[in-house]
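Working notes, beginning with the structure itself.
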Amino acid sequence: MAVGEGNVVLTVVVAGVLAAAAIFGVRAAYDFSHERIAMNQRARLVARLNSVLDPALLDHDLTTTHLSFSDAELLGSATRSTCFVISDQGQPVATVFASVAPHGYNAPIDLLVGVGADSNVAGVRAVRYRETPGLGDLINRDKSSWIEQFRGKTLLAPPGDKWLVKQDEGQFDSITGATVTSRAVVAAVKNALLYFEQHRDDILPRGRGGRGQRA
Numbered sequence: 051m052a053v054g055e056g057n058v059v060l061t062v063v064v065a066g067v068l069a070a071a072a073i074f075g076v077r078a079a080y081d082f083s084h085e086r087i088a089m090n091q092r093a094r095l096v097a098r099l100n101s102v103l104d105p106a107l108l109d110h111d112l113t114t115t116h117l118s119f120s121d122a123e124l125l126g127s128a129t130r131s132t133c134f135v136i137s138d139q140g141q142p143v144a145t146v147f148a149s150v151a152p153h154g155y156n157a158p159i160d161l162l163v164g165v166g167a168d169s170n171v172a173g174v175r176a177v178r179y180r181e182t183p184g185l186g187d188l189i190n191r192d193k194s195s196w197i198e199q200f201r202g203k204t205l206l207a208p209p210g211d212k213w214l215v216k217q218d219e220g221q222f223d224s225i226t227g228a229t230v231t232s233r234a235v236v237a238a239v240k241n242a243l244l245y246f247e248q249h250r251d252d253i254l255p256r257g258r259g260g261r262g263q264r265a
């Protein structure tokens, strides 16, 4: 009888140890996977930010300060939009707007618009969209170089009234068969530049030497 009771106790103890080990293992696996997911998300964000910066900056030890602003008209979203101020040794060298082109053909188009300290477009990338495959999805840099035409442009070059596609007497090429998509992106990039010009005295000081993360 005592032996039987001892076996029961041993079984309970072993079961408890195994359960604790299982819980620890699940927790450790969760922590590891959660950390890995966070690292992967961070890496994707850095890669996206780097893609809209002047390539000459990429060998510098840059820091990133996150800000948020609300302007449905110029940033394209009714909710607060994220802005990243990129600094080199505490001096802002670029600003990246997470803006929206609200009038895409099928749905709003999420963009990253990089603006240099000299107010020129450093780069543009479409990061989320539902445009027609083979037509509007050519805004994706992996599928065509169309979106590269914005690099180096400012609100003065071309003039503001020429920030249109060529079909509308502007200076930007459109994607064949996807004029609506092209118009939406051109307008959103221009609006991001307008927002920067109107608010640079607020944006840049807040990014200068601010608490940021390495880019």
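Quick note: the sequence shown, position 78, residue 128 per my numbering, numbers continuous. We put the beta carbon where it would ideally sit given N, CA and C, even for glycine.
For V150, does the three-state DSSP call read helix, strand or coil?
Of the three classes helix, strand and coil, the one that applies to V150 here is strand, per DSSP.
Backbone CA spacing between P158 and P208 [nearest angstrom]:
Straight-line Cα distance between these residues: approximately 25 Å.
Tell me whether the beta-carbon of R98 lies closer than 8 Å to the beta-carbon of L162.
The criterion of a C-beta distance shorter than 8 Å is satisfied by R98 and L162.
Please return the same chain residues whose Cβ sits closer than 8 Å to the Cβ of L4, not counting the five positions on each side in sequence.
Because residue 4 is not part of the residues shown, which for the chain are 51 to 265, the question remains open.
The alpha helix (DSSP H) with L124 in it runs from where to where?
Taken as a continuous stretch (DSSP letters only), the alpha helix (DSSP H) holding L124 covers 122–125.
Name the two residues that bound the continuous alpha helix (DSSP H) containing F246.
Boundaries of the alpha helix (DSSP H) around F246: 229–257.
When we look at the beta-carbon of A93 and count the other beta-carbons within 10 Å, is it buried (16 or more) or exposed?
Exposed: under 16 other Cβ atoms inside 10 Å.
How big is the Cα-Cα spacing for G184 and N190?
Approximately 11 Å, taken between the alpha carbons.
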